[in-house]
Structure formats: structure tokens, C-alpha cells
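Shown next, in C-alpha cells, is the structure this report addresses.
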Amino acid sequence: MTTDAARRSIATRVALSVLTTAGLLGGAAPEAAGQNWPQWRGPSSVGISPESDLPTRWSATENMAWRAPLAGLGASSPIVWGDRVFVTSQIGSARVAPGSHPQLARDNRSLAERESAIGGRRSASEGEIWLVVEAFRRSDGRRLWQYRTEATGPLPELHEKHNLATPTPVTDGERVYAWFGNGQIVALDMEGRVVWTRHLGIEYSPFEAQWGHGSSPTLHGDRLLLLCDHLPSSYLLALDARTGRERWKADRGEGRVSHSTPVVIPGPEGDELLVNSSERIDVYDPATGTLLWYADGDRQTPIPSAVFHEGRIYMSRGYRNSDYMAIRPGGRGDVTKTHIEWRAPSGASYVPSIVYYDGLLYMTNEIGIVTCADARSGERVWQRRLDSVFFASPVAGDGKIYLVSETGETIVLRAGREPDVLARNDLAERFIASPAIANGRLFLRSDRTLFAVGN
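Residue numbering for the sequence shown follows the working numbering, starting at 316 and increasing by one per position.
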């Protein structure tokens, strides 16, 4: 394999159907690239499925392929490879302490109460806590295996909306990489056997981020890329995906807190690793960890990940309904004045990431507002308030936009320049995790259940 081929992102390898792991997948390799959802926000980390005939209407009893109880709680999203669905969870609860962000309210209140309520932060320091990875058979939901390890080392305070099982795992079809909010990380083969483990919270510095750790791992060729933006020490880390050994580490200074997941995008001079970071957007060389360029972001503690489409980066800096923007990749040093193509001053999402679909950007927020904007200009196309609260990122496919609310209702919109609600599907459970799409089905993860929606 050439150096360039080794450095291809997982999304590129999936798209090219470089699928050499049929034996590990029970003898059946995936039929098409669109049937895998291998990481946070799926192929290319954009939240879009190329599949058709995706479900529009369902309920707990209709158009439901299967449901499976989960071992514990979590906010991580399911991922899919071949006939396997992987999910992480935490077993063991924690106390509630003062200090919540007012925009992240409890889930048992009315919409008006949610907008003004004060919640709480949780400390994972009381009681025994277990970190779990589960594999389910995609076709029928049968649990194939479960990996479980005790949470050790320094345990951070957490916002009440999530726990240590917030990062979404990632797979390359040979191994599943699961990262947890205290820094523990494990690589498992497709049968659940341990390949290697690390504990970044012990080996480097404690995972102390405001409200807990939220970033998911990213695969780029043979490197596992990890954003560790925490108060004691902020850094980017590249581990060898096969061995877990450090390939490079980029120090990012103190007090840089971010909950976003880094994404690899094609730049004019090679791949670029983009981080939606506190105060600014930082872009690194994924092969070496060298900082290439940055742009002013004006806000702190971002949560959404960036989206790349046809030469533009779209990202939300949506703290308290603030700005979202489009940036051209490339350049060196400070590109704030040269590469930001447009910036919309308000309407951005705070927690969910943007989804780009057919020339339009769709954003949801924690007070139930859905915004559609023109991707070329940033101008608002339409905005609508729904009686919902959104923390899951929207996904799109088959001409539809799927919005999963915290209270268990998935609102299906027809993609387009007019707000058109096709269906509201209620499963009456609590949802924070974003959906996955694979093999004509939506995979939805609630606090306690994994659902496979569709025929």
C-alpha cells in the first residue's frame, strides 16, 4: 500500500469499498458503501446517507424491525459495519450537584420550563462505574457480545444530560475503537476481543472539561485521532490504530475547552484535520500534528462538529444562538480575513451539528427552533419553532431530514426551501444520541434501548 493510500480517511476507504474483513463480519462483507455508518455522523462525518427508500413513519409497534435493551446509559451514537451495530454505555449512576448550564435543562419539564430551568452537574466519583461496548446483529438485533471494564483513575464532573459513554465509537471493519469520558480507550476486534487499551486520563492529564468530555475519536488511515481539550492541558493526539502507540501529540495550551469531534477534510495541498475549538477554528496536518491555519471563532466551548462539502467548511459556533459560517480550506497562519466566505450572526445550533443537504443547511437547537439556510450565501431560507428540544444532530437521506427530539419524537421533514413536516414519530423514551442510517434502516439509541426502524 502506498503512503497516500495508507493515509486515506475511513470514509474514503468505505466509499472505494476496500472491504477486506468479510471473515471478521461473519463471512458477509457489506454490499455497498452506503450500508456502513462507521463513525460519528457516518461516512465522511457529514450526517448524510446515499440510500433510498428510507422510512418516513413508524411507532413502537409499526415499521419497527427490532428493539434491543442496552446494558447501561449513554449519549454515544450507534455505528454500523456490515451486519453489526456497536454501542457504548455506562453502568452505574452518579450524584447531581449544582452548576448546570441553563440551556441544558432536565427532560421532564415543559418546553417553557426547559428554556429557563437550571439543571445540575454530575460527579462520577460515587459508586462503582462500568464502561461497556455492545455488538448487536443488524438483521435481527440479537446481542452478539459485550465488553465491560471498570472506570478507573480520575473521574470528571459531568453534566446531567450525559455520562462517560458520550463519545461515539469508530470502526474500520477490523477493530472497534471505544473512547470514554475519563480517558479510557479500548480497541476490540470484531468479536469483542481486546487488541489494546490506554488510559489517557492517567498517562497524560485528567479529563477535566466543563460539563464533561464530548469529543469522539476519528480514524484517518492507520491513525486514531483524539481531541483532548481540557482545563488542565489541551492537546491533539494521534495513536497507531493497530498498536495504540503514540504517533504524534500536538499541545494546544491550557484552558482550551471544546466538545466537538475533529474531522478530516481534503485541502488544496492535502488532507486537513479541522477542530472547532474554543475562541477559533484550528486546522492541523493529520499526518504530523503541525498547525496549518486558523480562523477567529469569537466564542468559547463549541460542541458542534464541522461539515465539509464541495470546497467549503460549514460550522456552528452556536453558544446562545450565535453565529455560523462558511470557510474555504487551505492557507497558512491566520486566514480570518481571507478565507471566511460568509458569517451569519445568529440562528446557529449550540449542541447539534449542521447537516448540509442539496444546497441547504439545516440546524436545530435546544429550544426547539429549526433553521434552514442557503449554503452559498448563509441567508436564512426559513425558520420554524417546533414543540421539541433537540440535542441530537440531524441526519439526512432520501430527500428527508430527520430530527430526533429529547423526548423521543423523530420529526421527518421534506428537504427543501419550504418547511414541510412529513411525520412525527414518537417512541416515548429519552434521546440525546444522534441517529445512524444503514441498509435502509434508521438506528436510534435512547437512554435504555437500541431501535432499528424500517423493514
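C-beta: ideal position from N, C-alpha, C; glycine also.
All values derive from a computational prediction rather than experimental measurement.
What's the gap between the Cα of R571 and the Cα of S360?
Here residue 571 refers to the residue found at position 256 when the sequence shown is read from its first residue. Here residue 360 refers to the residue found at position 45 when the sequence shown is read from its first residue. The alpha-carbon atoms of R571 and S360 are separated by roughly 23 Å.
Under 8 Å by Cβ, that's how I've got L542 and S593 pegged, so tell me the actual separation to the nearest angstrom.
Working through the sequence shown from its first residue, we reach residue 542 at position 227. Working through the sequence shown from its first residue, we reach residue 593 at position 278. 11 Å between Cβ atoms; not a contact.
How would you label D455, buried or exposed, when you count the other beta carbons within 10 angstroms and need 16 or more for buried?
Within the sequence shown, the letter at position 140 stands for residue 455. Flag for D455 reads exposed.
Decide if D398 is buried, meaning its Cβ has at least 16 other Cβ atoms within 10 Å, or exposed.
Locating residue 398 in the sequence shown gives position 83, where the first residue counts as 1. The residue in question, D398, is buried, as its Cβ has 16 or more Cβ neighbours within 10 Å.
For E744, which of S575, S761, R627 and G731 has the nearest alpha-carbon?
In the sequence shown, counting from the first residue as 1, residue 744 sits at position 429. Closest option to E744, Cα to Cα, is S761.
Who are the near neighbours of T336 in its chain, counting only those whose CB is closer than 6 Å to its CB and skipping five residues on each side?
Residue numbering aside, residue 336 sits at position 21 when the sequence shown is read from its first letter. Any reading at T336 must be qualified, since the residue scores a pLDDT of 28, below 50, and its modelled position is unreliable; the value itself is stated next. Answer for T336: G488 and E489, listed in chain order.
So the beta strand (DSSP E) L515 belongs to, where does it begin and stop?
Here residue 515 corresponds to residue number 200 of the sequence shown, with the count starting at 1. L515 -> not in any beta strand (DSSP E); alpha helix (DSSP H) instead, spanning L515 to E518.
Buried versus exposed call for R457 [16 or more other C-beta atoms within 10 Å across all chains shown]:
Here residue 457 is taken as the residue at index 142 of the sequence shown, counted from 1. Looking at its Cβ environment, which holds fewer than 16 other Cβ atoms inside 10 Å, R457 is exposed.
Go to K652, then tell me how far its alpha helix (DSSP H) extends in each direction, as first and last residue.
Within the sequence shown, residue 652 is the residue found at index 337, counting from 1. Residues T651 to H654.
Endpoints, beta strand (DSSP E) assigned at Q698:
For the purposes of this step, residue 698 is taken as residue 383 along the sequence shown, with counting starting at 1. Segment R695 to R700, the beta strand (DSSP E) holding Q698.
Buried or exposed: P413, going by 16 or more other Cβ atoms within 10 Å of its Cβ?
Mapped onto the sequence shown, residue 413 falls at position 98. Unreliable positioning characterises P413 in this predicted model, as indicated by a pLDDT of 30, which lies under 50. The coordinate reading is nonetheless provided below. Exposed, since its Cβ has fewer than 16 Cβ neighbours within 10 Å.
Starting from the Cα of L552, find the closest Cα among M640, I747, S631 and P532 and give me that residue.
Here residue 552 corresponds to residue number 237 of the sequence shown, with the count starting at 1. Measuring from the Cα of L552, the nearest candidate turns out to be P532.
Going along the chain, which unbroken runs of the beta strand (DSSP E) with 3 or more residues stay wholly within the segment 562-634?
578-582, 585-591, 595-599, 606-611, 622-624 and 627-631
Go ahead and label K652 buried or exposed: buried means 16 or more other beta carbons lie within 10 angstroms of its beta carbon, across all protein chains shown.
As a position in the sequence shown, residue 652 is number 337, starting the count at 1. The residue is exposed, with fewer than 16 neighbouring Cβ atoms inside 10 Å.
Endpoints, the beta strand (DSSP E) within which P384 is located:
As a first step, residue 384 is located in the sequence shown; it is residue number 69 there, counting from the start. P384 -> beta strand (DSSP E) spans M379 to P384.
Less than 7 Å between C-beta atoms, sequence neighbours within five positions excluded: which residues of the same chain meet that for R557?
Stepping through the sequence shown from its first residue, residue 557 is reached at position 242. Result list for R557: D537, in chain order.
Report the residue from E366, V579 and R643 whose alpha carbon sits nearest the alpha carbon of Q354.
Along the sequence shown, read from residue 1 onward, the residue named residue 354 stands at position 39. Checked all of E366, V579 and R643; the closest Cα to Q354 is V579.
Answer with buried or exposed for N770, where buried requires no fewer than 16 other C-beta atoms within 10 angstroms of its C-beta.
The sequence position of residue 770 within the sequence shown is 455, counting from 1. The residue in question, N770, is exposed, as its Cβ has fewer than 16 Cβ neighbours within 10 Å.
Go through its chain and collect everything with a Cβ distance to P667's Cβ below 6 Å, but skip five positions before and after it.
Position 352 of the sequence shown, counted from the first residue, corresponds to residue 667. Cβ within range, chain order: T679, F705 and S708.
Take the Cβ of P583 as the centre, count every other Cβ of all protein chains shown within 10 Å, and call the residue buried at 16 or more, exposed below.
Counting from 1 along the sequence shown, the entry for residue 583 is found at position 268. Exposed is the call here.
Under 8 Å between C-beta atoms of L589 and D600:
For the purposes of this step, residue 589 is taken as the residue at position 274 of the sequence shown. For the purposes of this step, residue 600 is taken as the residue at position 285 of the sequence shown. Against a cut-off of 8 Å, the Cβ pair of D600 and L589 comes out as no contact.
Classification of V685 by the beta-carbon crowding that lies within 10 angstroms, buried from 16 upward
The residue labelled residue 685 in the question sits at position 370 within the sequence shown. V685 comes out buried.
So does the segment 735-749 actually touch the segment 375-392, counting three or more Cβ pairs closer than 8 Å?
yes
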